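The sequence shown begins at 1 in this note's numbering and counts up one residue at a time. Each residue gets a CB set at the ideal place from its N, CA and C atoms; glycine is no exception. Values in this document were obtained by computation on a predicted structure and should not be read as measured data.
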Amino acid sequence: MDTRILGFNPAEPLTMHIDINSCFATIEQQADPRLRGLPIAVAAYDSPRGCILAASIEAKKLGIKTGMLVGQGKSIYPKLIVKTPDSQKYRFIHQALKNLLLEYSPTVCPKSIDEFVVNFENHAILAKAGLLSIAQEIKNRIRSEIGEWISVSIGIGPNRFLAKTAAGMKKPDGLVQITKENFYEAYQTLSLRDLCGINFRNEARLNSVGIGSVCEFFASDLPRLQAAFRSVNAYYWFLRLRGWEVDGVEFGRKSFGNSYSIPQNYTTTAELSPILAKLVNKSASRMRRAGMSAYGVHVFANFKGGGFWHHGERTAEPMFYTSEIFSRAVGILSKANIYSPVHTLAVSCYDLTDSKAYQLALFENRTKKKYLAETMDKVNNHFGSFVLTTANMLGAENAVHDRIGFGRSALEV
């Protein structure tokens with residue numbers, strides 16, 4: 001491909017990006033009509049130091065944003081209603097929306113709990129209606145069949161990046177299409193930080209070579225971008241902004257983990273062990289569901305008095321069972337210098353490998369243990385999390401609630 005003469009992709013835009021507006025908060029308002037029209041926030045915990053995961057459209061208009069602490073949100077609006085996450089509601093809506101989208105295309109890719117990418121290339125439905133008409137029909141059906149209070153922003157573009165960019169241009173409830181005819185006009189309305197993937201560091205890099213706007217970003221040749229990024233990212237950005245697909249590859253997951261903010265003043269391994277066990281149980285069950293094992297375990301502790309501690313260890317053989325991961329994790333935690341009550345405890349399983357490659361041991365019936373772990377997972381998946389638990393989780397019954405992060409599929413959590 002000769003980049004010197006490469007222009008904007010002339011193909012018809014056939015990629016659609018769907019984003020649920022204020023996802024968790026909107027779903028809570030859908031479930032409880034009394035919350036509709038009110039500023040609400042869904043936070044990991046409803047205490048003042050709980051992190052806001054989603055703010056309703058009404059709350060956002062007041063300046064309350066995702067990532068704020070509950071206390072900060074209430075300082076802006078004292079009557080802010082705070083809800084803790086209800087993962088089953090969000091998974092239900094996620095699956096209902098996925099099923100609806102599959103009626104329009106077999107190529108539906110969930111990007112997170114609140115985002116989908118749909119590819120319409122070579123689909124017969126386009127012969128009946130244009131993609132803008134299909135998008136409007138999808139929006140109408142979501143309101144009538146999934147929830148009258150649930151709205152989505154939809155973007156259409158020649159690649160995933162521009163479809164996502166379009167979806168964010170007229171939130172909430174937007175519908176924007178970027179094509180070879182209007183892309184430059186769209187770029188004129190955006191700042192560099194409006195582009196997904198351009199944070200303040202990348203903005204500074206672009207500024208250092210004289211690029212201060214999206215239009216200048218687009219007009220820059222490859223050598224100029226290479227001077228800014230000093231990596232293959234220069235080439236990727238050169239193609240993205242011209243509507244060519246470079247983001248179609250799905251990269252493998254690197255770890256499975258969970259964290260918990262502890263309201264009590266725990267300072268000993270004995271006090272923290274039940275919480276650690278529940279964190280390990282959640283992480284390990286998700287890892288097994290993905291068909292993975294882990295060579296490494298990492299434990300992190302953040303202290304209420306300031307400061308943090310962390311340590312990770314690898315094993316010679318991959319770990320699959322909750323018990324062996326917990327044994328390794330509690331051994332790591334026992335080495336920590338806990339000089340102040342722990343504010344946040346986190347554990348992660350890393351250095352993943354396919355569990356099918358798990359080797360049998362000579363003096364241990366690992367097949368039996370593997371079957372037991374998978375059976376417990378099936379029971380808990382069917383009847384609810386932690387119906388069956390290990391004894392080391394006693395004392396943590398009300399800790400470490402089931403949560404969903406925006407950056408992962410609902411079916412993965």
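| query | result |
| --- | --- |
| Pull up the DSSP beta-bridge partners for G312, would you. | H298 |
| What do you get for A204, buried or exposed, if any count of 16 or more other CB atoms within 10 angstroms of its CB means buried? | exposed |
| Among S133, E181 and L195, which residue has its Cα nearest to the Cα of L175? | S133 |
| Less than 7 Å between the C-beta atoms of S56 and I76, yes or no? | no |
| Looking at the strands, I want to know which residues DSSP matches up with G157. | T15 |
| Have a look at L195 and S220 and give me their C-alpha separation to the nearest angstrom. | 16 Å |
| Could you work out which residue in G305, P318 and Q226 is closest to T344 when comparing CA atoms only? | G305 |
| Helix, strand or coil, according to DSSP, for N365 in the structure here? | Residue placement at N365 is poorly supported in this model, since its pLDDT is 49, which falls under 50; the coordinates are not used for a value here. |
| Starting from the N-terminal side, write out each stretch of the beta strand (DSSP E) that is 3 residues or longer and does not extend beyond the segment 21 to 103. | 40 to 43, 52 to 55 and 81 to 83 |
| Whose CA, out of G147, H123 and V118, lies closest to the CA of G157? | V118 |
| Mapping DSSP to helix, strand and coil, what is E181? | coil |
| Is M292 helix, strand or coil when you go by DSSP? | strand |
| Per DSSP, which one or two residues make a beta bridge with M352? | In the sequence on display, residue 352 carries Leu and not Met. Beta-bridge pairing links L352 to A294. |
| Apart from the five residues just before and just after E364, which ones in its own chain have a Cβ nearer than 8 Å to its Cβ? | With a pLDDT of 48 at E364, under the threshold of 50, the modelled position of this residue cannot be trusted; read the value that follows with caution. Hits under 8 Å: none found. |
| For V70, count neighbouring Cβ atoms within 10 angstroms of its own Cβ and tell me buried if that reaches 16, exposed if not. | buried |
| Would you decide whether S208 is buried or exposed? Buried here means 16 or more other CB atoms lie within 10 Å of its CB. | exposed |
| Leaving out the 5 sequence neighbours to the left and right, which residues in its chain are closer than 6 Å to N281 when beta-carbon positions are compared? | T322 |
| Is the Cβ-Cβ distance between S283 and A346 less than 7 Å? | no |
| On the DSSP bridge list, what partners appear for S112? | E115 |
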